[in-house]
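Sequential numbering of the sequence shown, starting at 1152, is according to this note's numbering.
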Amino acid sequence: MPEHATITRLQVDEPTVFAFVICAEVSRDDMKTMAKIMNSAFDTYESVSMLLIFADYDGSETGAGLNAETLKSQIRSLRHVEKYAVVGAPPAAAGLINAMGALIPVDARTFDAADEEEAWRFVGARPLNPDRSHHRSPA
1152 MPEHATITRL QVDEPTVFAF VICAEVSRDD MKTMAKIMNS AFDTYESVSM
1202 LLIFADYDGS ETGAGLNAET LKSQIRSLRH VEKYAVVGAP PAAAGLINAM
1252 GALIPVDART FDAADEEEAW RFVGARPLNP DRSHHRSPA
């Protein structure tokens, strides 16, 4: 992903775990890039886990998730994602994730920012570069 990306992929020690840091206002291009990464993962692996870490998140551009690649990955995730962890999700998103976790065939859980280590254990991976630069102090 480009240097100015609002979604950054983290390298992890488990090839079937895909971790991303999401910050600022998510752009349509970054959503599409993440979707391409996940569609490639779905082509490669029968089952994957995902970890999303929200840091200084400012929402999404209007229509950021409305493109064919993103919609395709969202549909395919129902079949291929085993565990889905979200750290520091905005309250409305956390409620939706927890509610959907009961309805879809994905083990979806949310974690407070302080519980990030627990989220890593949940998905069964560790970051290869445990840089905590995505942890920013409140302004």
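Even glycine gets a Cβ: it sits at the ideal position worked out from N, Cα and C.
What would DSSP say about residue i, mapped onto helix, strand or coil?
{"i": "V1257", "result": "coil"}
{"i": "D1164", "result": "coil"}
{"i": "L1203", "result": "strand"}
{"i": "P1124", "result": "The requested residue 1124 is not part of the displayed model; the chain covers only 1152 to 1290."}
Would you kindly report the start and end of the unbroken beta strand (DSSP E) that includes residue i?
{"i": "A1236", "result": "V1232 to V1238"}
{"i": "R1160", "result": "I1158 to L1161"}
{"i": "A1264", "result": "Careful: A1264 lies outside any beta strand (DSSP E) and carries neither H nor E."}
From residue i to residue j, what distance separates their C-alpha atoms?
{"i": "A1240", "j": "E1268", "result": "15 Å"}
{"i": "R1260", "j": "R1179", "result": "25 Å"}
{"i": "P1242", "j": "S1191", "result": "30 Å"}
{"i": "M1182", "j": "V1237", "result": "16 Å"}
{"i": "A1264", "j": "T1157", "result": "18 Å"}
{"i": "Q1162", "j": "Q1225", "result": "22 Å"}
{"i": "G1216", "j": "P1278", "result": "26 Å"}
Does residue i pass the burial test, meaning 16 or more other C-beta atoms within 10 Å, or should it be called exposed?
{"i": "S1198", "result": "exposed"}
{"i": "N1280", "result": "exposed"}
Could you spell out the range, first to last residue, of the alpha helix (DSSP H) harbouring residue i?
{"i": "E1269", "result": "E1267 to V1274"}
{"i": "N1190", "result": "R1179 to T1195"}
Do residue j and residue i come within 8 Å of each other at the CB atom, strictly closer than that value?
{"i": "D1207", "j": "K1234", "result": "no"}
{"i": "T1167", "j": "S1200", "result": "yes"}
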